[in-house]
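In the working numbering, the protein residues as written are 2 to 265.
Positions of the beta carbon are idealized from the N, C-alpha and C atoms, including for glycine.
Report on the following structure.
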């Protein structure tokens, strides 16, 4: 028997029934389900439909059927993982023949749809930051003047930091107050809002930034109150608090730098 020609499209059951009848004539009996699947190269549903058609049209032989074809026990590479030989269904229980021909697959073709991007569209622009410079300049002047003035009222003044090395070099130590307090506050605020650091560092930066800004505000208030009252020397408790600021800023800066480099 000549095996059916392989095709890219599945053949309908009606076209396979003549080949199945030829196979039955060669075997002298109705072939089994696995034999139909193997010889005609079809799946389980088509094999059942072909077997049902042969059962309706062919009369079972009256003689005792010969032993089963040993080829039926051969596993079919196209068949289901564990095929089980089903006995021919009774004539009364045979379901109506339904064509198992698969619907042809539509050729997608080469049509490709692309989204048209308007040539005149512009990307989302970031908000400009240069107005912050205009805001920072007057704030810098006021904060710098306030801290330097408060430092003068609390004992800060002109010092010679390099005696014996550069005796002519002098500096007003009051400038350390705005540089230390306000610079740390701005940096800690940046660390807090950036969200790119571990959570312990972000939490520490948050509270230390708020504390630094609060201390800066209190320093400005204290200076203007003392200046308005004509005080030439600040009370001892204000002097004590202001004198501790450089040390506190150094400690908080070192702690924040350590937390920023520490990963969870």
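Residue 261 to residue 232 span [Cα, whole Å]
Straight-line measurement puts the Cα of residue 232 at about 42 Å from the Cα of residue 261.
Closer than 6 Å by C-beta to residue 247: which residues in its own chain qualify, once you throw out the five before and the five after it? Chain order, please.
So the list reads 177 and 181, once near-sequence residues are dropped.
Could you give the C-beta distance for residue 174 and residue 147, rounded to a whole number, given that I count them as a contact under 8 Å?
In fact, because the Cβ distance is near 16 Å, the residues do not count as touching under 8 Å.
What would DSSP say about residue 166, mapped onto helix, strand or coil?
DSSP places residue 166 in coil when its eight states are reduced to three.
Can you tell which of 234, 57, 41 and 16 has its C-alpha closest to the C-alpha of residue 156?
The residue with the shortest Cα to Cα distance from residue 156 is 234.
When you compare the CB positions of residue 187 and residue 257, do they come within less than 7 Å of one another, or not?
Residue 187 is not a Cβ neighbour of residue 257, given a cutoff of 7 Å.
Rounded to a whole number of angstroms, what is the C-alpha to C-alpha distance between residue 95 and residue 55?
Because residue 95 sits at a pLDDT of 49, beneath the cut-off of 50, its placement in the model cannot be relied upon, and the point is left open.
Given a cut-off of 7 Å on the beta-carbon distance, is the pair residue 52 and residue 20 in contact?
In this structure, residue 20 does not lie closer than 7 Å to residue 52 by Cβ.
Run through the DSSP bridge pairs and tell me what residue 173 is partnered with.
Residue pairing by DSSP places residue 173 opposite 159 in a beta bridge.
Report the rounded CA-to-CA distance for residue 164 versus residue 242, giving the unit in angstroms.
Straight through space, the alpha carbons of residue 242 and residue 164 are spaced by roughly 28 Å.
Could you tell me if residue 92 is buried or exposed, where buried requires 16 or more neighbouring beta carbons within 10 angstroms of its beta carbon?
Unreliable placement is indicated for residue 92, whose pLDDT of 48 sits below 50; the coordinate value is still reported in the next sentence. Classification of residue 92: exposed, given that the 10 Å Cβ count is below 16.
Can you tell me whether residue 130 is buried or exposed, with buried defined as 16 or more other CB within 10 angstroms of its CB?
Exposed, because fewer than 16 other Cβ atoms sit within 10 Å of the Cβ of residue 130.
Neighbour-count burial assignment, residue 99, 16 or more Cβ in a 10 Å radius
The pLDDT assigned to residue 99 is 49, lower than 50, so where the model puts this residue is not dependable; a value taken from the coordinates is nonetheless given after this. Label assigned to residue 99: exposed.
Between the C-alpha atoms of residue 26 and residue 46, what's the straight-line distance to the nearest angstrom?
Residue 26 and residue 46: Cα-Cα distance of roughly 22 Å.
Output yes or no for whether 7 Å exceeds the beta carbon distance between residue 37 and residue 48.
For the pair residue 37 and residue 48, the CB atoms are nearer than the 7 Å cut-off.
Is the beta carbon of residue 215 sitting closer than 7 Å to the one on residue 189?
It is not a contact, given that the beta carbons lie outside the stated cut-off.
First and last residue of the uninterrupted alpha helix (DSSP H) at residue 208:
From DSSP, the alpha helix (DSSP H) with residue 208 extends over 200 to 229.
Would you tell me roughly how many angstroms separate the C-alpha atoms of residue 159 and residue 179, rounded to the nearest one?
Residue 179 has its alpha-carbon roughly 16 Å from the corresponding atom of residue 159.
Sub-7 Å separation of residue 183 and residue 144 beta-carbons:
Residue 183 places its beta carbon less than 7 Å from that of residue 144.
So is residue 43 buried or exposed if we call it buried at 16+ other beta carbons inside 10 Å?
That one is buried.
Could you tell me the alpha carbon to alpha carbon distance between residue 141 and residue 255, rounded to whole angstroms?
Rounded to whole angstroms, residue 141 to residue 255 spans 24 Å at the Cα level.
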